[in-house]
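Per the working numbering, the very first residue in the sequence shown carries number 1; after that it's consecutive.
By construction, the Cβ of each residue, glycine as well, lies at the ideal position given by its N, Cα and C atoms.
Notes follow once the structure below has been shown.
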Amino acid sequence: MKQVCIMKEKHVTIDLVAQTARVSKTTVSRFLNGKFDSMSAETRDRIQKVIEDLEYHPSRIARSLKASSRQTIGCVIADVGSPFSSILLKGINDICSSSGYQVLFSDSNNRPKREIDCIQKLLEHQVDGLILNTTGGNDGYLAELSQRGVPIVLADRSIEPRDVISTVTTDNYRSAYACIKHLFENGYRKIAFFTQGNGTVSPRVIRYRAYLDAMRELYREDGGPSSYVIDENDIKSCTDSLADFIGRHPAERCAVFAVNGVTSLAVLQAARQGGYPIGEGLGLCGFDDWGWASLVPPGITTITQDSYGVGTRSAKLLLRRLRGKSQARPQYIELPNHLNIRGSTSPDRG
Numbered sequence: 001m002k003q004v005c006i007m008k009e010k011h012v013t014i015d016l017v018a019q020t021a022r023v024s025k026t027t028v029s030r031f032l033n034g035k036f037d038s039m040s041a042e043t044r045d046r047i048q049k050v051i052e053d054l055e056y057h058p059s060r061i062a063r064s065l066k067a068s069s070r071q072t073i074g075c076v077i078a079d080v081g082s083p084f085s086s087i088l089l090k091g092i093n094d095i096c097s098s099s100g101y102q103v104l105f106s107d108s109n110n111r112p113k114r115e116i117d118c119i120q121k122l123l124e125h126q127v128d129g130l131i132l133n134t135t136g137g138n139d140g141y142l143a144e145l146s147q148r149g150v151p152i153v154l155a156d157r158s159i160e161p162r163d164v165i166s167t168v169t170t171d172n173y174r175s176a177y178a179c180i181k182h183l184f185e186n187g188y189r190k191i192a193f194f195t196q197g198n199g200t201v202s203p204r205v206i207r208y209r210a211y212l213d214a215m216r217e218l219y220r221e222d223g224g225p226s227s228y229v230i231d232e233n234d235i236k237s238c239t240d241s242l243a244d245f246i247g248r249h250p251a252e253r254c255a256v257f258a259v260n261g262v263t264s265l266a267v268l269q270a271a272r273q274g275g276y277p278i279g280e281g282l283g284l285c286g287f288d289d290w291g292w293a294s295l296v297p298p299g300i301t302t303i304t305q306d307s308y309g310v311g312t313r314s315a316k317l318l319l320r321r322l323r324g325k326s327q328a329r330p331q332y333i334e335l336p337n338h339l340n341i342r343g344s345t346s347p348d349r350g
């Protein structure tokens, strides 16, 4: 008689994962908490394979986290000193607090390594999910966290490919392109792109791509692109860059497209020190419609972003996932921006 052997499903524990992967329980715990520093790629891959083979998979981890919810959201901001970021954080906190969640936030100070440290500390506090205003440079790490079941929403930042992590941002590309087109239609023939350091920040990357595309498609041979990276804490770096740009085109009508409000303010200060009148001679426009932009004569042309809306939508998206109501696939949401035309980009009256 043929015997049929029925094996009872073995309860999968972290100890079994460690034993099968030939690593310590501590190493598996570090992997599950996103602590990949000093852990080789081969070890990470081996642990991940064992987790999948034994069906100790992210969904099981996510259910465990949900069952022991602490009603706490972790939030990492790239630069909390930026007016954009402080309003973004207010939007996040307003939604979370009204839903009974506390927000623990950290400032990565635009440093990718510090961002990872902040995330790991928040995970150690067993937050229910993360809202990240990422510095850039950590795309692989964030994708791996998401694939392991850690609930994440990116706020005002994105990674490639876009279908890995849910994202709420603004329409950076079309807004930047429209601003360059506005300069072109108002008679500016030489346009420079001024930006801060850290070229991995996704909005800056997208805005620069829009600038390059607009220069190529609108100006063709007439206006080759010029880009300058400035240190906003060193006004001389901006003054020197502005003098170089204008000095290269003394007979042309020039304008600066600034990547954000911090850069716009630095260019404005440099223009005053260098004796370049804004609006009459040098055009100036850029992202972020901060309060001073409409008060400084002749008024600075800006792109308004709904930073509060980015914050509230990000929080709502994460909370929907935690409650099991969100769509299975990550969402990519772009909020519209608005171009505020003022005297700093006045048309050519000559």
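Straight-line measurement puts the Cα of V259 at about 19 Å from the Cα of G343. Within its own chain, the residues whose Cβ lies closer than 7 Å to the Cβ of S314, once the five positions on either side in sequence are excluded, are I92, I131, V153, A155, V168, listed in chain order. Contact fails between the region 329–347 and the region 116–128, because fewer than three Cβ pairs, one in each stretch, are under 8 Å apart. With contacts defined as CB atoms closer than 8 Å, L142 and V127 fail to qualify as a contacting pair. Look at the beta carbons and you see the region 266–284 touching the region 229–243: at least three pairs across the two are nearer than 8 Å. Nearest in C-alpha terms to H182, of all of D79, V256, G324, is V256. For S166, the number of other beta carbons within 10 angstroms of its own is at least 16, and it is reported as buried. By the 16-neighbour rule on beta-carbons within 10 angstroms, N233 is exposed. Rounded to the nearest whole angstrom, the CA to CA distance from S158 to S202 is 6 Å. If you look at N109, you'll find it isn't in any beta strand (DSSP E); DSSP assigns it neither H nor E. For T167, the uninterrupted beta strand (DSSP E) run begins and ends at 166–170, by DSSP. If you ignore the 5 residues before and after H125, its C-beta comes within less than 6 Å of no other C-beta in its own chain. Your pair V76 and N133 checks out as a contact, with CB atoms roughly 7 Å apart and the cut at 8 Å. Looking from the CA of T72, the closest CA among S97, L88, I51 belongs to S97.
Look at S227 here: in three-state DSSP terms it is strand. Contiguous beta strand (DSSP E) elements confined to the region 224–269 occur at 226–229, 254–258, taking only those with 3 or more residues. Here Y276 carries a coil assignment [DSSP, helix/strand/coil]. In the DSSP secondary-structure assignment, F194 is bridged to Y228, A258. The alpha-carbon of M215 is positioned some 33 Å away from that of P330. In chain order, G311, T312, A315, K316, L319 place their CB closer than 8 Å to the CB of I95, counting only its own chain and leaving out the 5 sequence neighbours on each side. According to the DSSP assignment, E334 belongs to the beta strand (DSSP E) that extends over 332–335. Ranked by how close their Cα comes to the Cα of G261, the residues Y101, K35, P83 have P83 in first place.
Between the C-alpha atoms of Y308 and T20 there is a straight-line separation of about 47 Å. In this structure, T27 and A41 do not form a Cβ contact; the two beta carbons are roughly 14 Å apart against a cut-off of 8 Å. Where T72 is concerned, the enclosing beta strand (DSSP E) starts and stops at 72–77. Per DSSP, the beta-bridge partners of T301 are C285.
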